[in-house]
Amino acid sequence: MFPSPRIYEVITRFRQGKVLNFCNGVMYKCFCNVGESDKLPDWVKPSSAADSQEDDFVIPSNMNWVGGLKAPDEKFDSKHGSFGIVDNDVAIVTRILMGDFAMPEDVVQALNGCDSCPSNSLVDKMLKRFSNDWVCAFGLFKWAQTNIRYKHSADAYDSMVDILGKLKQFDIMWGLVEEMVKVEGLISMRTMSKIMRRLAGAGRWVDAVAVFREVERYGLTRDILCMNLLLDTLCKERCVEHAQDVFLEFKNVIPPDQHTFNILIHGWCKARRLDNARSIMEDMGDHGFLPCVISYTSFIEAYCRDKDFRKVDSLLNEMQENGCPPNIVTYTIVMHSLGKAKETNEAMEIYEKMKRNSCVPDTSFFNSLIYILSKAGRLQDAHKIYEEMSRSGSSPNVTTYNTMIAAACEHSQENSALKLLHEMEESGCKADLKTYAPLLKMCCRKKWIKVLSYLLNDMVRKDISLDLGTYSIIIHGLCKSEQLEKACQFFEEVVLKGLIPFNSTFNLLVDVLERKKMEEAKRRVQDLMMQAENSEKSCRSVSFV
DNA sequence: TGAAGTTTAA
Numbered sequence: 052m053f054p055s056p057r058i059y060e061v062i063t064r065f066r067q068g069k070v071l072n073f074c075n076g077v078m079y080k081c082f083c084n085v086g087e088s089d090k091l092p093d094w095v096k097p098s099s100a101a102d103s104q105e106d107d108f109v110i111p112s113n114m115n116w117v118g119g120l121k122a123p124d125e126k127f128d129s130k131h132g133s134f135g136i137v138d139n140d141v142a143i144v145t146r147i148l149m150g151d152f153a154m155p156e157d158v159v160q161a162l163n164g165c166d167s168c169p170s171n172s173l174v175d176k177m178l179k180r181f182s183n184d185w186v187c188a189f190g191l192f193k194w195a196q197t198n199i200r201y202k203h204s205a206d207a208y209d210s211m212v213d214i215l216g217k218l219k220q221f222d223i224m225w226g227l228v229e230e231m232v233k234v235e236g237l238i239s240m241r242t243m244s245k246i247m248r249r250l251a252g253a254g255r256w257v258d259a260v261a262v263f264r265e266v267e268r269y270g271l272t273r274d275i276l277c278m279n280l281l282l283d284t285l286c287k288e289r290c291v292e293h294a295q296d297v298f299l300e301f302k303n304v305i306p307p308d309q310h311t312f313n314i315l316i317h318g319w320c321k322a323r324r325l326d327n328a329r330s331i332m333e334d335m336g337d338h339g340f341l342p343c344v345i346s347y348t349s350f351i352e353a354y355c356r357d358k359d360f361r362k363v364d365s366l367l368n369e370m371q372e373n374g375c376p377p378n379i380v381t382y383t384i385v386m387h388s389l390g391k392a393k394e395t396n397e398a399m400e401i402y403e404k405m406k407r408n409s410c411v412p413d414t415s416f417f418n419s420l421i422y423i424l425s426k427a428g429r430l431q432d433a434h435k436i437y438e439e440m441s442r443s444g445s446s447p448n449v450t451t452y453n454t455m456i457a458a459a460c461e462h463s464q465e466n467s468a469l470k471l472l473h474e475m476e477e478s479g480c481k482a483d484l485k486t487y488a489p490l491l492k493m494c495c496r497k498k499w500i501k502v503l504s505y506l507l508n509d510m511v512r513k514d515i516s517l518d519l520g521t522y523s524i525i526i527h528g529l530c531k532s533e534q535l536e537k538a539c540q541f542f543e544e545v546v547l548k549g550l551i552p553f554n555s556t557f558n559l560l561v562d563v564l565e566r567k568k569m570e571e572a573k574r575r576v577q578d579l580m581m582q583a584e585n586s587e588k589s590c591r592s593v594s595f596v
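Residue numbers (our numbering): 52 to 596.
Below you can see the structure in the form of structure tokens.
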């Protein structure tokens, strides 16, 4: 135990009110004892948001004390200020990329000043870490290319294309694609698939289809595989109409296969246009394909969504009669919907029916079962299923743990929730934001501020960053528990991160502060909200120039 | 890495 540590956050630079020193939204934090802040490296500056008075903060025993600094991981690189980063080059490059850059060229220049060498693993890690910051990612990408001993892998190119597409930098993306064309074997169907997905996601359906039309220009074959990829992308991006148009245009040139029809059936079922799905099914027959379990399951899912369980039943029977029995996916859908419709006994009956038909349950099925049992308040039964899983050969995954933890939190089984988090870690299952969100909410409700701090720190250690929704849960929870100072601190952190708080969060906080006559804090929150809204406006005007 | 299913807060 160390005397009176205080939490400091590392905040180095701002751009339009945005904190730049976190990667993928992860804010790097460090801990130091009161009166020892001069021992902090110069890149560490305490922020007002984190200047908490948690004098009794307990340092978790799994942390090491390194030269006056508390680092959440075994190794702490005090020179470059990275936590949990063992690879020195990764640390150096991360540190540089945390700067304020307007153009990729600036990033290249900054990286030229360091003596790190690019490697496949370095580029891979950095592209993942900066996948939401195309300027940094592309700068690093360009810098790596200047080294004559290094060549980007096809995967690195694909990742870069994907990042540029995700952030809607389509001109730059196309420039990179042209560069890829010059090297043989670089462009693959994976590249094309990423491009089509990002274009469709941005509402540029015509462009996505154009990629398919011109795919031979890139040395690829415009076959049924490629067409199915496009159709699937269009359906998943909610433009099944465009998928249908492409299908009609090309079906005489490129003979469709069973996948083609299933993709369209699923697309139409998801869009609640069952008539269209049925015509595709007929067309499927005309092309000599029988509907398979996947085709039927799409319809089953649609009926389930309408809670039309009579139709579900008759279709299940029809499937059996047609020699196409339902499989584990079909059963999962039906059971899940029955459970959600509060027909828990009928849902359990599906499990029995499944066993009778010797259909083997898998992890997703068990996850669904655990979910509906928990929602019905049958936590003990859910726990039994959790134990049954390992015995039956399907191991729990992240969804299993997330579901169990959320249920325990909802039913005020705090210890059990924290125990599950521990079990999750022990089993080597990687936690994510959905693991922590209910736990954080629970801590706010119970006013467990120390545990809240511990969990937040745990998240930093695991590279899991808070998003706006999670921040909102915390702020709402703290308001309800009348932990108003804490609530204000989190509100400030949201704005510092460049996020814009929801109006409901803002209104709630202002209301509570007003009721408690905390005028100064109220004004501060109002200023912060204004700052957040203004910085968004200025960002917008910049992007339209 | 060719088609269907499970956890989501304000």
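By construction, the Cβ of each residue, glycine as well, lies at the ideal position given by its N, Cα and C atoms. These figures come from a predicted structure and were not determined experimentally.
Here the C-alpha atom of K404 lies approximately 40 Å from the C-alpha atom of K302. Relative to the Cα of K548, the nearest Cα in the group N554, Q540 and S555 belongs to Q540. Per the coordinates, the alpha-carbon of L366 lies some 10 Å from the alpha-carbon of N373. In the three-state DSSP reduction, E352 falls in the helix class (H, G or I).
Distance from the CA of S244 to the CA of F189, rounded to the nearest whole angstrom, comes to 20 Å.
A Cβ-Cβ contact shorter than 9 Å links F350 with A328. Our two residues, S523 and L507, have alpha carbons roughly 14 Å apart in a direct line. Per DSSP, the continuous alpha helix (DSSP H) segment holding Y452 begins and ends at V449 to E461.
By the criterion of a C-beta distance shorter than 8 Å, C343 is surrounded in its chain by Q309, N313 and C375, once the five residues flanking it on both sides are discounted. Annotated three-state conformation of I436 is helix, per DSSP. Contact check for L178 against I214 passes: the beta carbons are separated by less than 9 Å. M154 sits exposed, since fewer than 16 C-beta atoms from the chains shown fall within 10 Å of its C-beta. Secondary structure at W499: coil, using DSSP grouped into helix, strand and coil. According to the DSSP assignment, I314 belongs to the alpha helix (DSSP H) that extends over Q309 to K321. In the three-state reduction of the DSSP assignment, V266 falls in the helix class, which pools H, G and I. Counting of Cβ neighbours within 10 angstroms places G528 among the buried residues, the total reaching 16 or more.
At least 9 Å separates the beta-carbon of A488 from that of M455. Contact annotation: C530 and V576 have beta-carbon atoms that are not nearer than 9 Å. Taking M370 as reference, the option from G520, I345 and L491 with the minimal CA-CA separation is I345. Annotation for E235: no alpha helix (DSSP H) segment contains it, and DSSP assigns it neither H nor E.
Taking T395 as the centre and dropping the five residues before and after it, the same chain places the C-beta of L389, I423, L424, A427 and R429 closer than 8 Å to its C-beta, in chain order. At the C-beta level, K567 and E533 come within 9 Å of one another. A distance below 6 Å between beta-carbons, with the five flanking residues on each side excluded, links F557 to the following residues of its chain, in chain order: M580. By the C-beta density criterion, P306 is exposed, having fewer than 16 other C-beta atoms within 10 angstroms.
Secondary structure note for K179: its alpha helix (DSSP H) is the uninterrupted segment N171 to R180.
In the three-state reduction of the DSSP assignment, I345 falls in the helix class.
Boundaries of the alpha helix (DSSP H) around V158: P155 to N163.
Residue environment: I199 is assigned as exposed (fewer than 16 neighbouring CB atoms within 10 Å of its CB, all protein chains considered). In this structure, the straight-line span from the alpha carbon of M247 to that of M231 is close to 16 Å.
Note on geometry: alpha-carbon atoms of V363 and D413 lie some 22 Å from one another.
Annotation: P447 to Y437 spans about 7 Å, alpha carbon to alpha carbon. Between L519 and L490, the CB-CB gap reaches or exceeds 9 Å.
By the CB criterion at 9 Å, L281 and V260 fall inside the cutoff.
With contacts defined as CB atoms closer than 9 Å, L484 and T451 fail to qualify as a contacting pair.
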